[in-house]
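J.:
Protein chains in written order, with the numbering used here: chain P, 49 to 878; chain L, -7 to 102.
1. Within the same chain, show all residues whose beta-carbon is closer than 7 Å to that of residue 707 of chain P, passing over the 5 residues directly before and after it, in chain order.
2. Are the C-beta of residue 513 of chain P and some C-beta of chain L separated by less than 8 Å?
3. What does residue 20 of chain L touch in chain P if you count any residue whose Cβ is under 7 Å from its own?
4. Under 8 Å, Cβ to Cβ, is there at least one residue of chain P near residue 69 of chain L?
5. Can you pull the chain P neighbours of residue 82 of chain L, defined as C-beta to C-beta under 8 Å?
6. State buried or exposed for residue 665 of chain P, treating a residue as buried only when at least 16 other CB atoms are found within 10 Å of its CB.
7. When you compare the CB of residue 53 of chain L with every CB in chain P, is at least one pair closer than 8 Å?
8. Who are residue 564 of chain P's beta bridge partners in DSSP?
9. Whole angstroms are fine: how far does the CA of residue 555 of chain P sit from the CA of residue 600 of chain P?
10. Please compile the residues from chain P whose C-beta is within a distance smaller than 7 Å of the C-beta of residue 40 of chain L.
11. Under three-state DSSP, which class holds residue 332 of chain P?
12. Within the region 13 to 96 of chain L, note down every full alpha helix (DSSP H) run reaching 4 residues or more, in order along the chain.
13. Examine chain L for any beta-carbon lying closer than 8 Å to the beta-carbon of residue 110 of chain P, and answer yes or no.
14. How many angstroms separate the CA atom of residue 294 of chain P from the CA atom of residue 305 of chain P?
15. Find the residues of chain L that neighbour residue 434 of chain P, judging by a C-beta separation of less than 9 Å, and give them in chain order.
16. Starting from residue 295 of chain P, follow the alpha helix (DSSP H) in both directions and report where the run begins and ends.
17. Measure the alpha-carbon distance for residue 269 of chain P versus residue 260 of chain P and round it to whole angstroms.
18. Exposed or buried, residue 817 of chain P, counting other C-beta atoms within 10 Å across all chains shown (16 or more means buried)?
19. For residue 759 of chain P, count neighbouring C-beta atoms within 10 Å of its own C-beta (all shown protein chains included) and say buried if the count is 16 or more, exposed if not.
20. Does the region 443 to 456 of chain P touch the region 144 to 151 of chain P, meaning 3 or more C-beta pairs lie closer than 8 Å?
21. Quick one: which chain P residues come within Cβ less than 7 Å of residue 44 of chain L?
22. State the Cα-Cα distance for the pair residue 480 of chain P and residue 160 of chain P, rounded to the nearest angstrom.
23. Take residue 523 of chain P and list the residues in its own chain whose beta-carbon comes closer than 7 Å to its own, dropping the five residues that flank it on each side.
24. So residue 369 of chain P is in the beta strand (DSSP E); what residue range does that whole segment cover?
25. Work out the CA separation of residue 54 of chain L and residue 103 of chain L for me, nearest whole Å.
26. In chain L, which residues lie with their C-beta within 7 Å of the C-beta of residue 78 of chain P?
27. Would you say residue 66 of chain L lies against chain P (beta-carbon separation less than 8 Å)?
28. Ignore the nearest five residues each way along the sequence and tell me which others in residue 130 of chain P's own chain have a CB closer than 6 Å to its CB.
29. Can you tell me which residues form a DSSP beta bridge with residue 598 of chain P?
30. DSSP has residue 233 of chain P in a bridge; who is on the other side?
31. So, using beta-carbon positions, are residue 652 of chain P and residue 618 of chain P closer together than 8 Å?
32. Taking 8 Å as the threshold (C-beta atoms), are residue 344 of chain P and residue 177 of chain P in contact?
33. Taking Cβ positions, are residue 208 of chain P and residue 289 of chain P nearer each other than 8 Å?
34. For residue 474 of chain P, which residues in the same chain have their Cβ closer than 6 Å to its Cβ, ignoring the five residues on either side in sequence?
35. Counting Cβ pairs closer than 8 Å, one from the region 19 to 30 of chain L and one from the region 61 to 77 of chain P, do we hit at least three?
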């Protein structure tokens, strides 16, 4: 108790005392006056009155007992009683608290991850503006929208999910970046943690804002951060400020680390065809999203008349809706996963509560005598229930404390499981904050309801005439626990299976013999011809190495590729510029046509989806963007492994003059053997190059499988936790049932039943609720699996077999022990 | 202490307090005096248990307390009957009537 509380309590009781004194003094005074008025001597009157009143102290004491704060002392008494009881039974207390710690801890961990993103709220009135196709818009379009619209008071644009390299040379580090334009921060109501944030007037300046995390780790929370230089992709930016820890940018559940003005993309600022921006805005007051959409569509129509494209494009109306501002390809997956994980940990929590309920029932049976004596001594039922519930509350709080501590440690371990970044700077962030603690506390209180209520009500109803037996409740608990563990294990099974499938997924290229290098020549300040020349040198030098089968340049490689080009009539089509050897090098097979030759620029290759759209029914291949299409290749995922196939255009080039280019290398032996050799070869061509990182195709793929791997791992762990809880719960419940039947077993054995037959009987009897539980669990899993995807029969069968074996063992062990007891001593016990 | 006047029967004190307060708010001294006066001095409230009883009844919500100026100008704690107290009073009265009817029948015939 802090000194403030102590002071408050003493003030409160002081006031009570004073009230009581005054009340009694008034009474005595009035009586004395009455006597004096009747003619008595004042001293006599006083003596008489005091004698008649009796002991003033005893009256006061009796009054105090009924003071408003009596319940407080009753609570203190209950707590003391509960604490004493729990500490007298350390085994029970440890078991129950451990169950609750697992149940609550699992919830706290998952919530600490979900919390950071689900509750990153978007202020009221903020909407997303986007063409229905979801295509990004160009800078000039954004400018027109910003300037000409009459329905928004603030408009902003952003290019999320950019990979920035910050710092220079050996200290450089890849981070997740975002180019922001317009009133991005003000509209999203982000307040700076240090310095200031960017606004519409900063557009042309090389300014940047950094995340709280980056500020802490790279700049050691330097308070004088504003004004320092941050190199982004080898260009100096001035740091304007730091965003608060709660703001994560537009790529949730990944956390953005750097927000920069468009100074990196000066080349894009004069184009109307280059779509690269997503837009959001704040509605003027009184404007509904639907009105805004109508206004934006008529504005768009005017603009299209004013700036007609090369060819009339397909209608693509503008949609204005509440965000969903996350542009991350895994956001939807993350939402589904969050809901699923919360459900699963919720079930784990309920299993834990059922366990504790079972333990409490068992203990109530052991405490029958004590409870009966208390009831006979006149303790009211309400008070008794309150005392038992206080015990549950203490257990819940104990479990929550352990659970929160474990969650705190496990959270870090879990975050470390995802390699600190999934694909470079992409991080999942988690934190134990007030909201997480409140959630944990709520679960602790909830456990009083779920675990404590039924057992304590039942315990308070006991009497010695009807011996404490609660077979129906316990059997129900067994059914529920078995069903819940089947469900959790089946859910884990779905994810482990789907991860296994994803591992076996065909990425559309041959990752097993692929080595990749992302090259940036920005530091070298080459002219275009020099750049072209240098890339040719790199290609030839690598190709000349022994064991290299072929080498190709490409501006972007699959997975994470967001480049798009506008094609008349088709709209925005995903694209990449690649060398003629690209398909052979990547191991992408030919479906139709012929491979481009080394000396043939200005050709194009399309994927199946684009070919089907342009030339269905195997019509002859035509031209696209003034390029002859010579080949059709399979649909290769370009942005994420699980995307639905979409049209893709490969533009063939023999010269590469952009400073950012990738190298695909096909090797004869495992590609990892060549990584250092390739890096050294390239580094030798120019010492000013930043460190060269060669990644194998499989390393690249693994980055994209991380979320699935994490899901499988997380759910697998939860499944095991659920199983462990269910096993101990089953064991405790079945063992308890058997202990109560020990006399009956002893009688049976004494009357000559063979032990084996008794054992078989016991196993049969416990098999009924277990089988019922399995049936319910399988039915629930089947329904649940339809939501999630496929659950194959072998996995489900394995789970059923596991549960059945475990329950049989949980019965057999205590049954065997019960059978070994000498019948005579068992009977004497009663 | 001379026992010339009948001490209030245990358990009936609550009923008497509630009934007395039905007439309007009153302080402890007033309640005691009024019970004696109305019962024509037949009943005498044991003062040492009056105040604990008042505090106890206050806990149940049947009466509320408030400090007010008394008739002679000194502040005193006035007790007032609440709606719940009114209801309780009715059921207590009913119970009491049944009890006395039963007891007097036995006294007549036993």
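All C-beta atoms in this analysis are idealised placements derived from N, C-alpha and C, irrespective of residue type, glycine included.
T.: In short, the structure shows the following:
1. 568, 569, 570 and 579
2. Any answer about residue 513 of chain P is weak, because its pLDDT of 47 lies below 50 and its placement is not dependable; what the coordinates show is given next. Chain L contact via Cβ: absent.
3. 71 and 75
4. yes
5. The premise fails here: residue 82 of chain L is roughly 23 Å from chain P at the closest Cβ pair, so nothing lies under 8 Å.
6. exposed
7. no
8. P:712 and P:743
9. 18 Å
10. 101, 102, 103, 106 and 107
11. coil
12. 20 to 30 and 39 to 52
13. yes
14. 12 Å
15. What residue 434 of chain P touches in chain L: nothing, since even the nearest Cβ is about 16 Å away.
16. Premise fails: residue 295 of chain P is in no alpha helix (DSSP H) and is neither H nor E.
17. 8 Å
18. buried
19. buried
20. yes
21. 107, 110, 111 and 114
22. 6 Å
23. 817
24. 366 to 369
25. Since the first residue of chain L shown is -7 and the last is 102, residue 103 of chain L is not available in this structure.
26. 21
27. yes
28. 438, 439 and 442
29. P:714
30. In the DSSP output, where bridge partners are listed per residue, residue 233 of chain P has none listed.
31. no
32. yes
33. no
34. The predicted model places residue 474 of chain P with a pLDDT of 44, which falls under 50 and marks its position as unreliable; any figure quoted below should be read in that light. Closer than 6 Å at the Cβ level, and outside the excluded window around residue 474 of chain P, lie 224 and 302.
35. yes
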